[in-house]
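Engineer: Could you have a look at this structure, given as structure tokens, before my questions?
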DNA sequence: TTATAAAAGGACATCAATGTCCTTTTATAA
DNA sequence: TTATAAAAGGACATTGATGTCCTTTTATAA
């Protein structure tokens with residue numbers, strides 16, 4: 108399971124993308140409201156994202172968050188990596204420090220399939236691909252697709 | 108990812124099973140050492156397991172932990188359910204409160220596959236099936252299979 | 001040029017997961 | 001019957017994730 112912070116981050120980025128497509132640069136308040144997260148905490152997460160160049164921001168009047176051209180293919184993996192690290196893609200499901208093909212835990216083979224499947228998803232899907240689905244009306248960002 | 112407590116619990120139960128097959132009933136100290144977990148914390152987790160009837164215990168001299176005949180087909184799901192609950196099998200990967208087939212988040216379809224795959228594993232594998240692999244030398248409980 | 005609106009950032013607060021310590025209960029061996 | 005060994009249990013400590021508040025920086029509009 109992804110951490111709450113990572114979930115907030117992904118939803119926030121998707122919302123920024125959707126607004127950017129409407130030529131808007133949402134601010135912390137608007138983002139926090141949309142993704143149903145506490146405003147001050149959302150601000151921290153957005154700081155992490157901009158500090159790590161996953162997204163850009165402008166201070167001052169008329170400022171807000173947005174993607175520039177280098178940031179238009181942002182995989183979910185990139186986001187997870189920055190927000191919570193990538194332990195979930197390496198860690199043994201059984202909790203062993205030393206677990207690998209040569210020295211497998213009794214869950215190794217089966218768990219690997221699931222873990223690699225998840226890795227494949229987050230390496231394939233991007234903030235933009237998810238946003239596209241919402242824009243098309245095939246998925247929702249929060250309750251209803253408004 | 109499973110919580111540390113759940114990992115400890117699963118490893119502890121597997122070790123108890125292995126020792127039981129040798130006609131032994133290990134105590135907290137022996138279990139904690141084997142699974143490389145803090146002794147007092149291990150004791151708490153073992154308490155949870157016995158209180159929930161996943162395993163049995165005897166107090167006093169010569170006491171320890173063991174399985175009785177009703178407890179010889181313990182799925183990993185049963186353990187997870189008792190130790191950390193089953194949020195990981197229901198929760199939306201995107202963090203939405205309302206996410207289902209009719210109102211899907213943009214990750215719904217792909218994530219479902221992974222989540223259900225994991226559910227299948229933990230409903231199929233049991234403490235006994237994992238222990239069997241270790242007994243056969245096909246997997247390890249900690250570093251080396253001793 | 002100044003007031004304002006917005007992000008950035010530092011310091012602190014809360015809560016749940018993890019971990020520790022000490023006392024109580026209980027079964028068995030001597 | 002008593003001493004001992006072991007689990008049970010209560011209270012507290014630590015840590016990391018989550019969350020809050022207030023100040024600082026900076027871009028823009030008036």
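Protein chains in written order, with our numbering: chain A, 108 to 253; chain B, 108 to 253. All C-beta atoms in this analysis are idealised placements derived from N, C-alpha and C, irrespective of residue type, glycine included. Note that the structure is a prediction, hence the values are computed from the model and not measured.
Between residue 159/B and the rest of its own chain, which residues show a CB-CB distance below 7 Å, the 5 nearest in sequence each way excluded?
Structural biologist: Residue 159/B sits at position 52 when you count from the first residue of the second chain. Cβ within range, chain order: 189.
Engineer: The alpha helix (DSSP H) spanning residue 171/B covers which residue range?
Structural biologist: Here residue 171/B refers to the residue found at position 64 of the second chain. Looking at the DSSP string, residue 171/B is not in any alpha helix (DSSP H); the run it does join, the beta strand (DSSP E), is 171 to 173.
Engineer: So, at 8 Å on beta carbons, what are the nonlocal neighbours of residue 113/B in its own chain, with the 5 sequence-adjacent residues on each side left out?
Structural biologist: What you label residue 113/B is simply residue 6 of the second chain in a count that begins at 1. Within the same chain, residue 113/B has close Cβ partners 186, 187, 190, 191.
Engineer: Go ahead and pull the three-state DSSP assignment for residue 127/B.
Structural biologist: Along the second chain, read from residue 1 onward, the residue named residue 127/B stands at position 20. DSSP places residue 127/B in helix when its eight states are reduced to three.
Engineer: Could you have a look at residue 177/B and say whether DSSP puts it in helix, strand or coil?
Structural biologist: As a position in the second chain, residue 177/B is number 70, starting the count at 1. It is helical.
Engineer: Taking residue 236/A as part of the alpha helix (DSSP H), name the residues at either end of that continuous run.
Structural biologist: Position 129 of the first chain holds residue 236/A. Residue 236/A -> alpha helix (DSSP H) spans 234 to 242.
Engineer: Considering just the uninterrupted stretch of the alpha helix (DSSP H) at residue 163/B, what are its terminal residues?
Structural biologist: Residue numbering aside, residue 163/B sits at position 56 when the second chain is read from its first letter. Not the alpha helix (DSSP H): residue 163/B falls in the beta strand (DSSP E), residues 163 to 165.
Engineer: If you draw a straight line from the C-alpha of residue 109/A to the C-alpha of residue 124/A, how long is it?
Structural biologist: The residue given as residue 109/A occupies position 2 in the first chain. The residue given as residue 124/A occupies position 17 in the first chain. Those two C-alpha atoms are separated by around 21 Å.
Engineer: Grab the span of the alpha helix (DSSP H) containing residue 223/B for me, first residue to last.
Structural biologist: Here residue 223/B is taken as the residue at index 116 of the second chain, counted from 1. Element bounds for residue 223/B: 215 to 231.
Engineer: On a Cα-Cα basis, can you pick out the residue from 193/A, 116/A, 177/A, 122/A that is closest to residue 238/A?
Structural biologist: Here residue 238/A refers to the residue found at position 131 of the first chain. Cα-wise, what sits closest to residue 238/A is 122/A.
Engineer: Quick check: the stretch 213 to 230 of chain B against the stretch 227 to 242 of chain A, are at least 3 beta-carbon pairs closer than 8 Å?
Structural biologist: Taking 8 Å as the limit for Cβ pairs, the verdict is that the stretch 213 to 230 of chain B does touch the stretch 227 to 242 of chain A.
Engineer: On the CB-based measure, 16 or more other CB atoms within 10 Å of its CB, does residue 162/A come out buried or exposed?
Structural biologist: Here residue 162/A refers to the residue found at position 55 when the first chain is read from its first residue. Under this definition residue 162/A is a buried residue.
Engineer: Just to make sure I have the definition right: I need the residues of chain A whose C-beta is within less than 9 Å of the C-beta of residue 228/B. Which are they?
Structural biologist: Position 121 of the second chain, counted from the start, is the residue given in the question as residue 228/B. Near residue 228/B (Cβ distances below 9 Å), the residues of chain A are 200, 214, 217, 218, 220, 221.
Engineer: Determine which residues share a DSSP beta bridge with residue 208/B and list them.
Structural biologist: Along the second chain, one-based indexing puts residue 208/B at 101. Its beta-bridge partners do not exist; DSSP assigns none.
Engineer: Spatial neighbours of residue 119/B within its chain, please: C-beta separation below 7 Å, excluding the five flanking residues on both sides.
Structural biologist: Counted from its first residue, the second chain places residue 119/B at position 12. Here the set comprises 138, 142, 149, 152, 153.
Engineer: Please name the residue, chosen from 193/B, 178/B, 177/B, that lies closest to residue 184/B on a Cα-to-Cα basis.
Structural biologist: The residue you call residue 184/B lines up with position 77 of the second chain. Closest by alpha carbon: 193/B.
Engineer: Verify whether the separation of the beta carbon atoms of residue 240/B and residue 213/A is less than 8 Å.
Structural biologist: As a position in the second chain, residue 240/B is number 133, starting the count at 1. As a position in the first chain, residue 213/A is number 106, starting the count at 1. Yes, the Cβ-Cβ distance between residue 240/B and residue 213/A is below 8 Å.
Engineer: Taking the alpha carbon of residue 172/B as the reference point, which residue from 246/B, 128/B, 249/B has its own alpha carbon closest?
Structural biologist: Your numbering for residue 172/B matches position 65 in the second chain. Of the listed residues, the one whose Cα sits closest to residue 172/B is 128/B.
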